[in-house]
Amino acid sequence: MPADYTVRKVLVATDGSPASFAAISDLVHAGLPPEGEAVVLSIADRVPLFPPRTPEEILYLEDARLAVPRHWARSAADILRRRFPQWVVREETRAGAPAREILNFADEWAPDLIVLGSHGRSTLGRLFFGSVSRKVMLEARAAVRIGRRLERPDSEPLRILVGVDETPASEVLVAALSARHFPPQTQVKLVTATGVFEYFSSDILGSSVAVVPSDTIDELRRTAAEAATAVQEKLLAAYPDWKVSLSREVIEGDPKSVLLDIAEKWPADAVVLGTRDLSGAERFFIGSVSSAIVAHAPCTVEVIRRRDEADGSTPS
Numbered sequence: 127m128p129a130d131y132t133v134r135k136v137l138v139a140t141d142g143s144p145a146s147f148a149a150i151s152d153l154v155h156a157g158l159p160p161e162g163e164a165v166v167l168s169i170a171d172r173v174p175l176f177p178p179r180t181p182e183e184i185l186y187l188e189d190a191r192l193a194v195p196r197h198w199a200r201s202a203a204d205i206l207r208r209r210f211p212q213w214v215v216r217e218e219t220r221a222g223a224p225a226r227e228i229l230n231f232a233d234e235w236a237p238d239l240i241v242l243g244s245h246g247r248s249t250l251g252r253l254f255f256g257s258v259s260r261k262v263m264l265e266a267r268a269a270v271r272i273g274r275r276l277e278r279p280d281s282e283p284l285r286i287l288v289g290v291d292e293t294p295a296s297e298v299l300v301a302a303l304s305a306r307h308f309p310p311q312t313q314v315k316l317v318t319a320t321g322v323f324e325y326f327s328s329d330i331l332g333s334s335v336a337v338v339p340s341d342t343i344d345e346l347r348r349t350a351a352e353a354a355t356a357v358q359e360k361l362l363a364a365y366p367d368w369k370v371s372l373s374r375e376v377i378e379g380d381p382k383s384v385l386l387d388i389a390e391k392w393p394a395d396a397v398v399l400g401t402r403d404l405s406g407a408e409r410f411f412i413g414s415v416s417s418a419i420v421a422h423a424p425c426t427v428e429v430i431r432r433r434d435e436a437d438g439s440t441p442s
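Residue 442, in our numbering, is where the sequence shown stops; the numbers in between run on with no holes.
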């Protein structure tokens, strides 16, 4: 049976920073269903300021280190309960490296969506939490949402920018978004960047001469644009009952630059990307695209992954 992309379980990681609470506030724009289950997870560093000398000190320090994260988790859970009153929300605290603990908990609980803030409390915190967000984004089996709070009037329609290409990842992307509960006036824009066509040139007597004729380059551009348009039409045709306002664009350029430019000028409330099952250099390249957009987008960014068709779970 087809994979089910309904979001029923959400893991929210908080470090107590304004950014992590902004990510929770942003969840009202994620198209989540009226009912579901959420866990708010907060992590304490394992390293104590002073090494414990007795078993009693070990227990005391462990409890003391978890006290502040418990407070963060409780505060975040209270916000989540107010915003999603029909959801079942519980709190969890753990000690260890934040990214690893988030990923470990996600492997145990199997959420449909992991939510993180975009940075931490200070300059050092932003670098630290940014590395946590990137690691979770690259390695998690579930969709990952890096949330940002936006100053937007409630009367404005939600604007979602979706980067699509010719790969199966785009089919997953549209399937997942069509399963969300967005308001009918939500604007969804599909954008395909066809890439920049570069060609060699030689220098003859101080004059640059193209090796590839200009009409060949024009033909390549036209063919790429037609292929991208066909992909978009196929994606939209697969979900005729998707009750949002849909538009699409095909733009020549680097995907990172194209998406960031549109996200800034439209402006978008969220950029949504798909990801392929890759490894090695390809995984690094795709990760670099997502990472660049997460780092520089003026809005929330969500990365969606494929789920197994048999049970709706993400692939191992």
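Heads up, the beta-carbon is just placed ideally off N, CA and C, and yes, glycines get one too.
I'd like to check one pair, residue j with residue i: are the Cβ atoms closer than 8 angstroms?
{"i": "V397", "j": "D238", "result": "no"}
{"i": "I272", "j": "L206", "result": "no"}
{"i": "W198", "j": "S244", "result": "no"}
{"i": "R374", "j": "L284", "result": "no"}
{"i": "C425", "j": "L276", "result": "yes"}
{"i": "S383", "j": "R260", "result": "no"}
{"i": "E378", "j": "R348", "result": "no"}
{"i": "A268", "j": "R431", "result": "yes"}
{"i": "A394", "j": "L299", "result": "no"}
How long is the line joining the alpha carbons of residue i and residue j, rounded to whole angstroms?
{"i": "F326", "j": "I343", "result": "Reliability of the predicted coordinates at F326 is poor, the pLDDT of 46 falling under 50, and no value is obtained from them."}
{"i": "D130", "j": "L303", "result": "11 angstroms"}
{"i": "L137", "j": "A164", "result": "6 angstroms"}
{"i": "R216", "j": "T320", "result": "44 angstroms"}
{"i": "E359", "j": "D380", "result": "21 angstroms"}
{"i": "K265", "j": "L229", "result": "Residue 265 is actually Glu in this sequence, not Lys. Spanning the two alpha carbons is a distance of roughly 8 angstroms."}
{"i": "A295", "j": "E345", "result": "27 angstroms"}
{"i": "V154", "j": "Y365", "result": "23 angstroms"}
{"i": "D204", "j": "E352", "result": "50 angstroms"}
Let me check one thing: in DSSP terms, what residues is residue i bridge-paired to?
{"i": "K135", "result": "E163"}
{"i": "Q313", "result": "R285, S371"}
{"i": "G273", "result": "G243"}
{"i": "R208", "result": "Answer by DSSP bridge pairing: none, since R208 is not bridged."}
Mapping DSSP to helix, strand and coil, what is residue i?
{"i": "T401", "result": "coil"}
{"i": "S296", "result": "helix"}
{"i": "L239", "result": "strand"}
{"i": "A423", "result": "coil"}
Buried or exposed for residue i, going by 16 or more other Cβ atoms inside 10 Å?
{"i": "T140", "result": "buried"}
{"i": "D291", "result": "buried"}
{"i": "K369", "result": "exposed"}
{"i": "R433", "result": "buried"}
{"i": "E428", "result": "buried"}
{"i": "D367", "result": "exposed"}
{"i": "R200", "result": "exposed"}
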